[in-house]
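Okay, here's the thing in C-alpha cells:
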C-alpha cells in the first residue's frame with residue numbers, strides 16, 4: 001500500500017494518547033473522590049477502626065485472607081465476616097488459633113489482648129459497611 | 142449515495158500517516174463499544190433515558206454539530222490549499238478549524254455547567270453517567286483535535302509542507318474528521334432519538 | 336558486547352536467576368500447604384511463604400530490568416555507562432536489602448518486624464505485594480533513583496534511540512508510581528484505590544513499556560530487521576497499551592467501594608487490553624519471519640517468540656476471561672484470579688527478562704551464542720517451564736470454576752473451607768505441574784554450565 | 794471540486810437542522826428512528842468518503858471505517874427499534 005507510516009507520527013501518537021488517557025483517568029479519579037463519602041462508610045472511621053486496620057496490616061492478614069476480594073486466596077473472605085460470623089465468634093475464633101488439627105490449614109495465634117480484638121472487630125464492622133455494589137454474591141464470600 | 146463509484150482510481154493512498162489511522166481505528170472501536178453499551182442500557186430502561194433526555198439542550202448541541210462540521214470543512218479546504226501551495230489560505234483555514242473548536246468547547250462548557258449546576262453527576266443514574274461520560278470523553282477529543290491542528294499550523298508557519306508535502310496536514314485533519322464523525326453519531330443518539 | 340561497562344549487567348542477571356529459584360521454592364511450599372494445611376507450620380506460615388514468593392518475584396524482575404537497562408542503554412547510546420562503579424555499588428545495596436528483607440520475613444513474626452522497623456511512624460506495611468518494611472521501601476527508592484540517574488546521564492550524553500527512550504520512560508514511571516506505596520490512608524476504599532496505582536499502573540502500564548523496549552531491542556539484534564521498522568511498531572503497540580490500560584485500571588474498581596460506573600469503564604477498556612498483546616505477538620513473529628540474518632542464538636529467538644505468545648495468552652486471554660464486571664462479580668478473588676496472575680507474570684515479565692538474559696549472557700561471557708548443546712538444553716527448559724505454566728494455569732482455572740460454582744453460584748452455597756476441600760484434586764495437579772516447572776528451571780540453570788565438547792567435529 | 798465540496802457542506806448543515814426538528818415533526822417513534830438513521834448515515838458517509846477522503850483510500854481502510862458506521866448504527870437501530 002502507498003501512503004506513509006513514520007516513526008515520528010507513531011511516537012507523537014504514543015505521547016499524545018498516553019497523556020490524554022492519563023488526564024481522563026485523573027478526571028475520573030477526581031469524580032470518584034467526590035462520590036466516595038456516600039459509599040465508603042468513612043463516617044464510621046473511628047480511632048478504634050483505625051487501630052484495627054493497623055493490626056490488620058501489621059499481622060499481614062492479607063497474606064492468607066482476601067478483603068473485598070483482594071489478597072491471598074488461602075483463607076476466607078473477611079470483608080463480610082462481621083455479618084457472616086458476628087463479633088463474638090470472630091474474637092473467640094482468633095483466640096482459639098491455631099486449631100492444631102492435623103492436615104488442616106493453620107492460622108497463627110497473634111496474642112491479641114481484648115482491646116486489640118475489639119479494634120479488629122470494629123475494623124471488620126466498618127469494612128462490612130462499605131458499599132461494594134453487592135459483592136460478594138452471597139454470605140460465604 | 143457516494144459508494145457507487147466503480148471506476149478504478151489510478152493510485153489509492155491512505156490520507157496521512159498510517160500510524161494515525163491505527164489510532165483512529167482504536168478510537169472508533171472504543172466509541173463504538175461505548176455507543177452500543179449506551180444502546181443496550183437504554184433498551185433495558187427506556188423510561189429513564191427518555192426522562193433524562195428531556196433535560197438536555199438539543200438546540201445548543203445542534204450548534205455544536207454545525208461548529209464541528211464547519212471545522213471539518215475548513216480542514217478539508219486547508220489541506221487542499223496547502224497541496225496547491227497556497228500557504229496563506231491554508232493557514233487561514235486551519236485557524237478557522239481551530240476557531241470552530243473553540244466555539245464548540247465554550248458552548249459545551251456552558252452546557253456542562255448548566256447540568257452540573259442542577260446537581261447531575263456521574264453517579265446520578267445510568268442515563269447521566271453515560272451522557273456525561275460520553276460527551277466529556279468526546280469533549281476531550283475535540284481539545285486534542287485542536288492541539289493537533291494547532292501543531293500543524295505552527296509547522297506550516299515554520300515552513301514545513303514545502304512542495305505540497307501534505308501528509309502531515311492530512312494526518313491531522315483525518316483525526317479532526319474522526320472527532321466529527323463520532324459526534325455525528327453521538328448527537329442524535331443522546332439528544333434526539335427517543 | 337560493545338562497551339566494557341555493559342559488563343555490570345552480569346551480576347544483576349545472576350542475582351535475578353538466583354532469586355527466581357528462591358521464588359519457585361516458596362511456590363512449591365505454598366502448593367503443598369494448599370494440600371497439607373499444617374505443612375511447615377508454625378515455622379513458615381502461609382502468609383510468610385506467600386510474601387516471600389511474591390516479593391522475590393518483584394525483586395528479581397527488578398534485577399532483570401536493571402540488568403537489561405545496564406546492558407541496553409550503553410549499546411543504544413553508543414557510549415560507556417556514566418558510572419559503572421555506582422551500578423556495582425547499587426547492585427550490592429539492592430541485593431543486601433532484598434536478602435535482609437526476606438530473612439527478616441522468615442526470622443521474626445511480621446508484627447515484630449513492623450514494630451522494629453518503624454512502621455508506626457509511616458504505616459506502609461501489610462498490603463498485598465507491598466509488605467516490605469519501611470527501610471526496604473526507602474531503599475528501593477534510593478536504588479531506583481541512583482540507577483535512573485546513572486542510565487539517564489548515559490543516555491543524555493549519547494545517541495537517543497526510541498528503544499532506549501521507551502525503556503527509560505518505563506523505568507521512570509516505575510519509580511514514580513512506586514511512590515504511591517507510601518500513601519496508606521485510614522479510609523480502606525482510598526487505600527485500595529491508590530494501592531492499584533502501584534500495582535496496576537505497574538504491570539498493565541509502565542512495565543509494559545519496559546517489556547516492549549526489551550523485546551524490541553532483542554528483535555533488532557536477532558533479526559537484523561531495520562530498526563526504524565521495529566521502533567515504529569513499538570510506538571504503536573505501547574500507545575495501544577496505555578490507551579486501553581490506564582482506564583483499564585477500572586476493572587479493579589468494581590467491588591471495593593468505588594462508584595458503580597467503574598463497572599462500565601473498567602469492563603470496556605480492559606476488554607480492549609488484549610489488542611496490544613495480540614499486536615505484540617504478531618509483531619514478534621513478523622519480525623522473525625522477515626529476518627535478514629540467521630542469528631546463532633536460537634534460544635533467545637525462542638524466548639522472544641514465547642514472550643509474545645504467552646503474554647497474549649496470560650495477560651490477554653486469561654485477563655479478558657474475567658474482566659467483564661458481570662463475570663468478575665463471581666470470579667473476583669477466586670482461584671481464577673490466581674490462574675491469570677501466574678500465566679500473565681510468567682508470559683509477560685518472566686519470559687522477557689529471560690529473553691534478555693538469554694541474548695545478553697553469552698555476549699557478556701565473551702561469545703555470540705552458547706554452544707549447540709547448551710542451547711538445546713535451554714530450549715528444553717523453555718518448553719518444560721512454559722508447558723508446566725500452561726498446566727498450572729489450566730488447573731487453577733478448573734479449580735476456580737469449581738470454586739465459583741460451589742461457593743458463589745450454587746443455590747446452597749458452600750463455605751470457603753468446605754469448597755477448598757473439593758478442589759484438592761486440582762491442587763494436586765497444580766503442585767505436580769509446579770514440580771515440572773522447577774525441573775525446567777533446574778535445567779535452565781544447568782544450561783549455563785554446559786561447555787562445548789572438547790572433541791571438535793571433523 | 795469546489796462546487797461538490799460546498800454541496801456536501803450544505804447537505805451536512807441541512808441534515809443537522811432536519812435531524813434537530815425531526816422529533817417535532819415525526820411523532821411516531823419508528824418514523825423518528827428511520828429519519829434519524831437516514832440523516833446520520835448520510836452525514837457519516839459524506840464525512841468518511843469526502844472529508845476524510847477514504848473514497849480514494851485502499852479498500853480495507855475505507856470499508857473498515859464505513860463498516861464501523863453501519864455496524865454501530867445498525868446495532869443502535871436494533872436497540873431503539
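Chains as they are written, first to last, in my numbering: chain A, 1 to 141; chain B, 142 to 335; chain C, 336 to 793; chain D, 794 to 874.
Glycine included, each C-beta is placed from N, C-alpha and C at the ideal position.
On a predicted model such as this, the values are computed, not experimentally measured, just so you know.
Below-9 Å beta-carbon distance, residue i vs any chain A residue
i	result
residue 319/B	no
residue 308/B	yes
residue 157/B	yes
residue 146/B	Annotation note: pLDDT 43 at residue 146/B (below 50); position unreliable, coordinate value reported separately. No - not a single Cβ of chain A is within 9 Å of the one on residue 146/B.
residue 268/B	no
residue 166/B	no
8 Å CB neighbourhood of residue i in its chain, flanking five on each side removed
i	result
residue 722/C	771
residue 474/C	428, 429 and 432
residue 206/B	324, 325 and 328
residue 100/A	106
residue 295/B	none
residue 315/B	156, 157, 161, 162 and 165
residue 141/A	66, 76, 77, 78, 79, 80, 81 and 84
residue 863/D	834
residue 147/B	The predicted model places residue 147/B with a pLDDT of 45, which falls under 50 and marks its position as unreliable; any figure quoted below should be read in that light. Answer for residue 147/B: no residue qualifies.
Cross-chain neighbours of residue i in chain B, by beta carbon under 7 Å
i	result
residue 571/C	160 and 163
is_contact[residue i, chain F] using C-beta, thresh 9 Å
i	result
residue 184/B	The chain labelled as chain F is not found among the protein chains of the depicted structure, namely A, B, C and D.
Cβ-based neighbour list, residue i, same chain, cut-off 7 Å, excluding 5 preceding and 5 following
i	result
residue 29/A	none
residue 1/A	Note on residue 1/A: pLDDT 33, under 50, position unreliable in the model; the coordinate value appears next. Counting only Cβ-Cβ distances below 7 Å, and skipping sequence neighbours, we find nothing.
residue 529/C	515 and 518
residue 490/C	408, 412, 499 and 503
Within-9 Å CB hit, residue i to chain B
i	result
residue 800/D	no
residue 655/C	no
residue 575/C	yes
residue 852/D	yes
residue 647/C	no
residue 40/A	no
residue 359/C	no
Proximal chain C residues relative to residue i, where beta-carbon distance stays under 9 Å
i	result
residue 170/B	607 and 610
Any C-beta of chain C under 9 Å from that of residue i
i	result
residue 82/A	no
residue 60/A	yes
residue 253/B	no
residue 127/A	yes
residue 257/B	no
Cβ of residue i within 9 Å of any chain D Cβ
i	result
residue 326/B	yes
residue 286/B	no
Contacts that residue i makes with chain A (C-beta to C-beta distance below 7 Å)
i	result
residue 578/C	17 and 21
Beta bridge counterpart(s) of residue i as assigned by DSSP
i	result
residue 67/A	70/A
residue 315/B	The partner list for residue 315/B (beta bridge, DSSP) is empty, contrary to what the question assumes.
residue 156/A	The requested residue 156/A is not part of the displayed model; chain A covers only 1 to 141.
residue 77/A	66/A
Listed by chain order, chain C residues near residue i by CB distance under 8 Å
i	result
residue 77/A	668 and 751
Residues of its chain near residue i, where Cβ-Cβ distance is below 6 Å and the 5 sequence neighbours each way are ignored
i	result
residue 739/C	665, 666 and 669
residue 355/C	395
residue 717/C	637
residue 633/C	710
Under 7 Å from the C-beta of residue i: neighbouring residues of chain C
i	result
residue 69/A	590, 667 and 668
residue 315/B	Chain C residues near residue 315/B: none, gap ~16 Å exceeds 7 Å.
Under 8 Å from the C-beta of residue i: neighbouring residues of chain B
i	result
residue 72/A	Result: empty, since nearest Cβ-Cβ is about 32 Å, beyond 8 Å.
Neighbouring residues, chain A, relative to residue i (Cβ below 8 Å)
i	result
residue 584/C	25
residue 312/B	9
What residue ranges within the segment 606-651 of chain C form continuous alpha helix (DSSP H) runs of no fewer than 4 residues, ordered along the chain? Taken in chain order, the unbroken stretches of alpha helix (DSSP H) that lie wholly in the segment 606-651 of chain C and span 4 residues or more are 609-624 and 633-646.
For the segment 511-579 of chain C, which segments carrying the alpha helix (DSSP H) assignment without a break, of at least 4 residues, lie completely within its bounds, in sequence order? 523-536 and 542-558, all fully within the segment 511-579 of chain C.
Please go through the segment 13-48 of chain A and give each complete alpha helix (DSSP H) segment of 4 or more residues, from N-terminal end onward. Within the segment 13-48 of chain A, not a single complete alpha helix (DSSP H) segment reaches 4 residues in length.
Contained alpha helix (DSSP H) runs [length at least 4] in the segment 677-707 of chain C, N- to C-terminal order: Within the segment 677-707 of chain C, the complete alpha helix (DSSP H) runs of at least 4 residues are 686-699.
Within the segment 182-252 of chain B, note down every full alpha helix (DSSP H) run reaching 4 residues or more, in order along the chain. Segments of the alpha helix (DSSP H) lying fully in the segment 182-252 of chain B: 187-194 and 199-224.
Write down every uninterrupted run of the beta strand (DSSP E) in the segment 808-842 of chain D whose length is 3 residues or greater and which is fully enclosed by it, in chain order. None, since the segment 808-842 of chain D contains no complete beta strand (DSSP E) of that length.
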